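S.K.: In full-length UniProt numbering, the protein residues as written are 1 to 530.
Cβ atoms here follow ideal geometry from the backbone N, Cα and C, with glycine treated the same way.
Predicted, not measured: the structure shown is a model, and the values here were computed from it.
Input: one structure, supplied below.
Below is the structure:
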């Protein structure tokens with residue numbers, strides 16, 4: 001078992017590999033079996049699970065073929081326009097090969113015809129997000145007349161694409177929609193390379209070209225979000241691979257706003273955050289071309305703490321030569337400082353701010369103390385807000401259901417002991433209700449529980465993780481049998497009480513209510529011996 005105190009992730013060896021490598025449960029099992037030199041028996045898949053697995057295999061194959069096709073096209077006569085663009089941007093052949101860059105031709109059905117020739121159906125192509133199928137006009141490519149950027153997961157498998165239009169077309173950048181393989185909030189461009197970097201930090205950029213330029217200049221720890229706003233999911237993903245992130249966004253106003261939005265998300269994930277100063281240039285690509293990688297390395301070493309960056313943004317809103325304006329800035333700075341909980345850190349930042357902006361340190365500390373004791377509370381970003389009480393109540397209700405299912409898996413003899421007391425319908429959380437149905441059916445049919453057969457019924461990754469936990473959690477039983485009897489009785493009683501309450505909320509039948517009330521009353525006398 002493992003638990004990450006930084007991001008809150010936890011589980012067993014299977015869920016760890018699923019999270020870290022972005023694997024499904026079957027992929028994680030195969031991976032671990034290969035590492036251990038074990039040969040796995042053939043898995044028994046349900047019709048639905050087999051269909052889902054086959055669809056993912058088809059998607060992977062289509063994406064791989066498309067990436068190869070775009071790459072070959074870039075190096076052909078038809079791809080001269082795309083290659084000229086990349087060459088003009090200073091991208092070398094070695095870098096093009098590393099990232100698998102390609103070109104989508106001006107013909108709007110070019111890739112469609114290629115993939116059809118490889119035996120893929122219109123329905124399969126539609127699911128790939130690579131083409132659009134229209135009954136009247138037939139198939140047309142999602143990407144055409146664009147330099148192509150294959151998007152790879154952490155294991156370097158192509159899961160989607162980004163494309164930069166050649167010329168003045170719109171939109172300038174176009175990205176794949178999400179598919180069964182591609183979830184934008186669970187992937188970062190370049191992370192498949194950055195995860196292996198020797199650096200102890202990751203540089204977060206805005207776009208594909210920034211990442212490519214950084215890698216070409218030797219900064220192989222650069223990544224970027226995939227054409228979407230930076231999310232809490234991205235922060236958690238980064239936390240798996242590093243403890244520190246350096247933000248390298250555009251130096252314009254929009255870039256500054258993006259940095260201010262990203263800081264609380266990253267800090268909320270438990271990451272140390274610094275901000276790279278690229279002035280007077282707009283982005284890393286321009287900076288490297290003008291000043292070189294050595295100067296960028298110096299800037300990275302001098303990257304400011306996220307807090308001092310926030311202070312500098314606040315300072316930029318006021319005329320520091322005007323006493324009234326400067327006073328307003330000092331109040332805003334004090335409000336920001338009052339949000340630092342750790343006294344020593346707050347004191348150090350007070351001194352740093354007073355030095356940099358020529359303030360009296362005592363006066364600033366007094367102002368910080370005023371805001372700290374006056375009830376002033378900084379507005380928290382949505383990602384940082386505490387979850388509602390309803391969510392906590394639901395989680396509290398789920399735990400006994402999960403624990404009872406784990407106990408049944410560990411001690412199948414309990415199926416007989418609990419017969420007539422509790423059944424699948426008493427597990428009211430959908431994921432655990434489904435698992436209970438499968439477990440009870442399998443025990444009734446075969447007299448035992450086969451984890452692999454149950455897990456194969458689930459195709460969703462999150463569901464697989466939850467069900468895998470049921471099978472891979474070892475219960476810590478107490479030395480005295482009577483203590484275990486009491487623990488099991490309490491869990492069964494709690495699951496049953498929640499089930500009865502749920503049924504009462506769902507029913508308007510008075511007679512049914514009376515039955516449920518009587519059943520609830522009998523729970524007080526419940527005692528189960530293991």
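According to DSSP, simplified to helix, strand and coil, what is residue 438?
M.R.: Correct three-state label for residue 438: helix.
S.K.: Is residue 157 helix, strand or coil by DSSP?
M.R.: Residue state, collapsed to three classes: coil.
S.K.: Going by DSSP in three states, residue 551 sits in which element: helix, strand or coil?
M.R.: In this structure the chain extends from 1 to 530, so residue 551 is not present and cannot be described.
S.K.: Roughly how many angstroms lie between the CA atoms of residue 310 and residue 260, to the nearest whole one?
M.R.: In a straight line, the C-alpha of residue 310 is about 7 Å away from that of residue 260.
S.K.: Go to residue 150, then tell me how far its beta strand (DSSP E) extends in each direction, as first and last residue.
M.R.: Counting along the chain, the beta strand (DSSP E) containing residue 150 begins and ends at 146-152.
S.K.: Could you spell out the range, first to last residue, of the alpha helix (DSSP H) harbouring residue 609?
M.R.: The requested residue 609 is not part of the displayed model; the chain covers only 1 to 530.
S.K.: Can you list, in chain order, the residues of its chain whose CB lies under 8 Å from that of residue 210, leaving out five sequence neighbours each side?
M.R.: Cβ within range, chain order: 222, 224, 248, 283, 284 and 285.
S.K.: Inspect the beta-carbon positions of residue 235 and residue 269 and report whether they are closer than 7 Å.
M.R.: Yes, they are a contact pair.
S.K.: Please classify residue 531 as buried or exposed, where buried requires at least 16 neighbouring CB atoms within 10 angstroms.
M.R.: Because the chain in this structure spans residues 1 to 530, residue 531 falls outside the shown range and cannot be described.
S.K.: Output needed for residue 74: all residues of its chain with C-beta closer than 6 Å, excluding positions within five of it in sequence on either side, in chain order.
M.R.: The answer, listed in chain order, is 82, 83, 102 and 103.
S.K.: Evaluate the contact criterion for the segment 211-221 versus the segment 84-99: three or more CB pairs, one atom per stretch, below 8 Å.
M.R.: Touching, yes.
S.K.: Counting only the same chain and skipping the five closest in sequence on each side, list residues whose C-beta sits under 6 Å from that of residue 293.
M.R.: Cβ neighbours of residue 293 beyond the five flanking positions: 217 and 218.
S.K.: By the 10 Å Cβ neighbour count, where 16 or more other Cβ atoms means buried, how is residue 117 classified, buried or exposed?
M.R.: Classification of residue 117: exposed, given that the 10 Å Cβ count is below 16.
S.K.: On a CA-only basis, which of 168, 409, 428 and 327 is nearest residue 469? Give me that one, please.
M.R.: Answer by Cα proximity: 409.
S.K.: Relative to the alpha-carbon of residue 28, which residue among 38, 35 and 17 has its alpha-carbon at the smallest distance?
M.R.: It is 17 whose Cα lies nearest to the Cα of residue 28.
S.K.: With C-beta atoms as the reference, is residue 133 less than 7 Å away from residue 122?
M.R.: Yes.
S.K.: So, does the segment 517-526 touch the segment 403-419, judging by three or more C-beta pairs under 8 Å?
M.R.: Output reads no: the segment 403-419 does not touch the segment 517-526.
S.K.: What is the rounded straight-line gap between the Cα of residue 343 and the Cα of residue 322?
M.R.: Cα to Cα, residue 343 sits roughly 31 Å from residue 322.
S.K.: With residue 246 and residue 303 assumed to form a contact (beta carbons below 8 Å), what rounded beta-carbon distance in angstroms separates them?
M.R.: Sure, about 5 Å apart at Cβ, within 8 Å.
S.K.: Report the CB separation of residue 165 from residue 146 in whole angstroms; it is logged as a contact under 8 Å.
M.R.: About 5 Å separates the two Cβ atoms, so the contact holds.
S.K.: Report the three-state DSSP secondary structure of residue 175 (helix, strand or coil).
M.R.: Three-state result, residue 175: strand.
S.K.: Under a three-way DSSP split, which group does residue 432 fall into?
M.R.: Of the three classes helix, strand and coil, the one that applies to residue 432 here is helix, per DSSP.
S.K.: Measure how close the beta-carbons of residue 186 and residue 237 come, nearest whole angstrom, since I'm counting them as under 8 Å.
M.R.: The pair is a contact, with the Cβ atoms about 6 Å apart (cut-off 8 Å).
S.K.: Per the DSSP calculation, residue 304 is bridged to which residue(s)?
M.R.: Bridge partners of residue 304: 275.
S.K.: What are the start and end residues of the alpha helix (DSSP H) that includes residue 255?
M.R.: Residues 253-268.
S.K.: With a cut-off of 8 Å, do at least 3 Cβ pairs link the segment 477-496 to the segment 435-448?
M.R.: Too few Cβ pairs lie closer than 8 Å, so no.
S.K.: Could you check whether residue 451 and residue 471 sit closer than 7 Å to each other, using their CB atoms as the reference points?
M.R.: The answer is yes: Cβ separation under 7 Å.
S.K.: Are there 16 or more other CB atoms within 10 angstroms of the CB of residue 36, so buried, or fewer, so exposed?
M.R.: Its Cβ having fewer than 16 others within 10 Å, residue 36 is exposed.
S.K.: Since residue 149 and residue 99 are thought to touch, with beta carbons under 8 Å apart, how far apart are those beta carbons, to the nearest angstrom?
M.R.: Yes, they are in contact, since the Cβ atoms of residue 149 and residue 99 sit about 7 Å apart, within 8 Å.
S.K.: Which runs of the beta strand (DSSP E) fall wholly inside the segment 172-232 and span at least 3 residues, in chain order?
M.R.: Counting whole runs of 3 or more residues, the segment 172-232 contains the beta strand (DSSP E) stretches 173-175, 202-205 and 222-224.
S.K.: Would you kindly work out how many angstroms separate the C-alpha atoms of residue 199 and residue 300, rounded to a whole number?
M.R.: Whole-angstrom Cα-Cα distance: 12 Å.
S.K.: Is the Cβ-Cβ distance between residue 491 and residue 404 less than 7 Å?
M.R.: Taking 7 Å as the Cβ cut-off, residue 491 and residue 404 qualify as a contacting pair.
S.K.: Between which two residues does the alpha helix (DSSP H) carrying residue 366 extend?
M.R.: It spans 361-373 - the alpha helix (DSSP H) in which residue 366 sits, taken as one unbroken run.
S.K.: How many Å lie between residue 291 and residue 298 at the Cα?
M.R.: Computed Cα separation, rounded: 11 Å.
S.K.: I need the DSSP call for residue 131, collapsed to helix, strand or coil.
M.R.: Strand at residue 131.
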